[in-house]
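Q:
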Amino acid sequence: MLDHEYTTKDIFRKNFFKDWRKEMTAEEKSKITDLTKCDFTEMSEYFKAQSEARKAMTKEDKQKIKEENERTLQQYGFCIMDNHRERIANFRIEPPGLFRGRGDHPKMGMLKRRIRPEDIIVNCSKDSKHPEPPPGTRWKEVRHDNKVTWLVSWTENIQGSIKYIMLNPSSRIKGEKDWQKYETARRLKKCVDHIRNQYREDWKSKEMRIRQRAVALYFIDKLALRAGNEKEEGETADTVGCCSLRVEHISLYPEKDGQEYVVEFDFLGKDSIRYYNKVPVEKRVFKNLQLFMENKELDDDLFDRLNTSILNKHLQELMDGLTAKVFRTYNASITLQQQLKELTNVEENIPAKILSYNRANRAVAILCNHQRAPPKTFEKSMQNLQSKIDAKRDQLADAKRELKISLDLAVQRVEEQLMKLEVQATDREENKQIALGTSKLNYLDPRISVAWCKKWGIPVEKIYNKTQREKFAWAIDMADQDFEF
DNA sequence: GGGAATACTTAGAAAGTTACCG
DNA sequence: CGGTAACTTTCTAAGTATTCCC
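Under full-length UniProt numbering, the first residue of the first sequence carries the number 1, and numbering increases by one thereafter.
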């Protein structure tokens, strides 16, 4: 990890050294007392050399390794569930290493210990054959619980939480659950107006807890914020969601940039991704927020009478199966559908339509705040693309000059190529810091995309790659071009 | 009602593979 | 055909939500 930024961080070094010392012999312990005096370059060089050697392998050797991997996959990567052979998602045990938390994680650098057969619980049906533990060892337990979906579990030593081996998204059990998730979101569509009216009423409630609940729900609905469970202090990075927002995370402006009642959000959410947004809100919301913030310190909870369990109990009463996260699914999917309707232009060719699709997808990613670090090579690759475009322009000009006699197919072809490149450039620029994958995989009802493809004669392969088609097989089967979310 | 345990979904980074261009 | 950029897969952390127990 020597080349990684992690190793420059104090907490990382401190945690690592502390755990390392626990593993040392008495002799080592007395000798190795200062991390700054430790030189790991020899080890580092060794691993770099290994990686170089791997790259330099002959085609044949690479092929052999590929075949070996395939055999491993066939042997360990599948199980039989309800008489179907299903792909397992993560069938390899997590190797030992140094814990890499996201953001300012207090435990980064701690030693993640090796998992042994004695740590492993196997879950399977009574009459089934399951993998035997390595010779001379035994599993912690073999149980037969058919109320859960996991095949294997163990307890991890950093947070003390349980890790699971489960099935691949292409499996029946995951697919059905996914479908169900979108059906719940579609039921929300039918009653969302009523729920919105309800929380608007509740902004006026005499009870503080109800006002807080109603304002929080408004944020979850309007801004697609996450619920915001409480977290144990000092165990994880300091991040928040809606219910766990603190006074320090918002600023109120009665007037800003020509707009009234502006709320400025600035906090770290899941994975320590920053959420920054300035939104005009309704006057009642604004006044309520002022009230919630009265006589509070910066690090006090904004919604001190509310948590996710109270909120979800309330939601459950409004609609069967309704929880805070359903709003994210609902708003993401409905946004995609609306955007596709708005942006798709009948006249345009397939690449242009796909650009429209990506833009609709992007609108959702922005709503859900799905960000990525700009690719390290972004500027350079943008420049390269630009020079390609310039070259193509020249080529087109030449072609037109030379062939002005007739409307030539060659000219048309070059024009198309140029247009394709320009579309590509726009798409890439707009996508610099936006991650589309998460919303595509987890928030957008795939039937919307499938219907859109069928309607405009666009091959589904242009939208979903092989893995995604496997995950969304149920939707590809199910949706016709008239599907409405 | 509250905290801990449990099971599941969602998330971005990194590694690995493929496609494309000169 | 080799280098690189784009795309895909893997990895596992970090959330949400429910259940269990007192």
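Just so it is clear, CB atoms sit at the ideal spot from N, CA and C, and this is done for glycine as well. Since this is a predicted model, take the numbers as computed values, not measurements.
From the DSSP output, which residues share a beta bridge with I80?
A: R85
Q: Given 8 Å as the limit, is there contact between the region 110 to 122 and the region 286 to 294, that is, 3 or more CB pairs closer than that?
A: no
Q: In three-state DSSP terms, what is K129?
A: Three-state result, K129: coil.
Q: Jot down the residue ranges of each uninterrupted alpha helix (DSSP H) in the region 251 to 304, minimum 4 residues, whole runs only, in chain order.
A: 283 to 293
Q: To test your reading of the DSSP string, which unbroken alpha helix (DSSP H) runs of 4 or more residues are found completely within the region 320 to 393?
A: The qualifying runs are 324 to 343, 350 to 367.
Q: In this structure, does DSSP put N15 in helix, strand or coil?
A: The answer is helix: DSSP assigns N15 an H, G or I state.
Q: Which runs of the beta strand (DSSP E) at least 3 residues long sit entirely within the region 217 to 256? Give them in chain order.
A: With a minimum length of 3 residues, the continuous beta strand (DSSP E) runs that stay inside the region 217 to 256 are 250 to 256.
Q: Since V122 is in the beta strand (DSSP E), which residue starts that stretch and which ends it?
A: 121 to 123
Q: Along the beta strand (DSSP E) that carries W154, what are the first and last residues, could you check?
A: 152 to 155
Q: Using a Cβ distance threshold of 8 Å, determine whether the region 356 to 370 contacts the region 383 to 391, with at least three qualifying pairs required.
A: In short, these stretches do not touch, since the Cβ pair count stays below three.
Q: Suppose you measure from the CA of V346 to the CA of C453; what does that come to, to the nearest Å?
A: Answer to the nearest angstrom: the Cα atoms are 13 Å apart.
Q: Quick one: Cα of F47 to Cα of G136, how far?
A: Within the model, the alpha-carbon separation for F47 versus G136 is close to 31 Å.
Q: Mapping DSSP to helix, strand and coil, what is Y443?
A: coil
Q: For V414 and Q424, what's the separation of their Cα atoms in angstroms?
A: 15 Å
Q: Can you tell me whether P96 is buried or exposed? The criterion is at least 16 other CB atoms within 10 Å of its CB, across all chains shown.
A: exposed
Q: Spell out the partners DSSP gives R143 in its beta bridges.
A: In the DSSP assignment, R143 forms a beta bridge with N123.
Q: Whole angstroms is fine: what's the gap from K432's alpha carbon to T377's?
A: Taking the straight line joining both Cα atoms gives about 11 Å.
Q: So, helix, strand or coil for I158, using DSSP?
A: coil
Q: Would you kindly check if the distance between the Cβ of L302 and the Cβ of E213 is under 8 Å?
A: A quick correction: the sequence has Arg, not Glu, at residue 213. Using a Cβ distance threshold of 8 Å, R213 and L302 do not count as a contacting pair.
Q: Cβ of K471 within 8 Å of Cβ of S170?
A: Yes, the Cβ-Cβ distance between K471 and S170 is below 8 Å.
Q: In terms of DSSP beta bridges, what is Y164 paired with?
A: S153
Q: Could you spell out the range, first to last residue, of the alpha helix (DSSP H) harbouring R100?
A: Looking at the DSSP string, R100 is not in any alpha helix (DSSP H), and its letter there is neither H nor E.
Q: Less than 6 Å between C-beta atoms, sequence neighbours within five positions excluded: which residues of the same chain meet that for Y164?
A: W150, S153
Q: Tell me, please, which residues DSSP counts as bridged to L111.
A: According to DSSP, L111 bridges with L98.
Q: Three or more C-beta pairs under 8 Å: does that hold for the region 96 to 113 against the region 188 to 195?
A: By the criterion of at least three beta-carbon pairs nearer than 8 Å, the region 96 to 113 is not in contact with the region 188 to 195.
Q: Report the residue from E416, I162, E317 whose alpha carbon sits nearest the alpha carbon of H194.
A: E317
Q: Given a cut-off of 8 Å on the beta-carbon distance, is the pair A355 and T239 in contact?
A: What sits at residue 355 in the sequence shown is Leu, not Ala. In this structure, T239 does not lie closer than 8 Å to L355 by Cβ.
Q: Taking DSSP as the reference, what is the three-state secondary structure of I458?
A: Coil.
Q: Under 8 Å between the Cβ atoms of I273 and V263?
A: Cβ distance not < 8 Å, so I273 and V263 don't count as in contact.
Q: Might you give, ordered along the chain, the residues of its own chain that have their beta carbon closer than 8 Å to the beta carbon of Q417, omitting 5 neighbours on each side?
A: K392
Q: With which residues is I463 paired in a DSSP beta bridge?
A: None; I463 has no bridge partner.
Q: Are the CB atoms of A473 and S333 nearer to each other than 8 Å?
A: no
Q: Pull up the DSSP beta-bridge partners for I434, would you.
A: I434 pairs with Q371.
Q: So what does DSSP say about Q74, is it helix, strand or coil?
A: helix
Q: The alpha helix (DSSP H) that contains R138, what's its start and end?
A: Taken as a continuous stretch (DSSP letters only), R138 belongs to no alpha helix (DSSP H), as it is neither H nor E.
Q: I'd like to know if the region 127 to 144 and the region 30 to 41 are in contact, where contact means that at least 3 CB-CB pairs between them fall below 8 Å.
A: no
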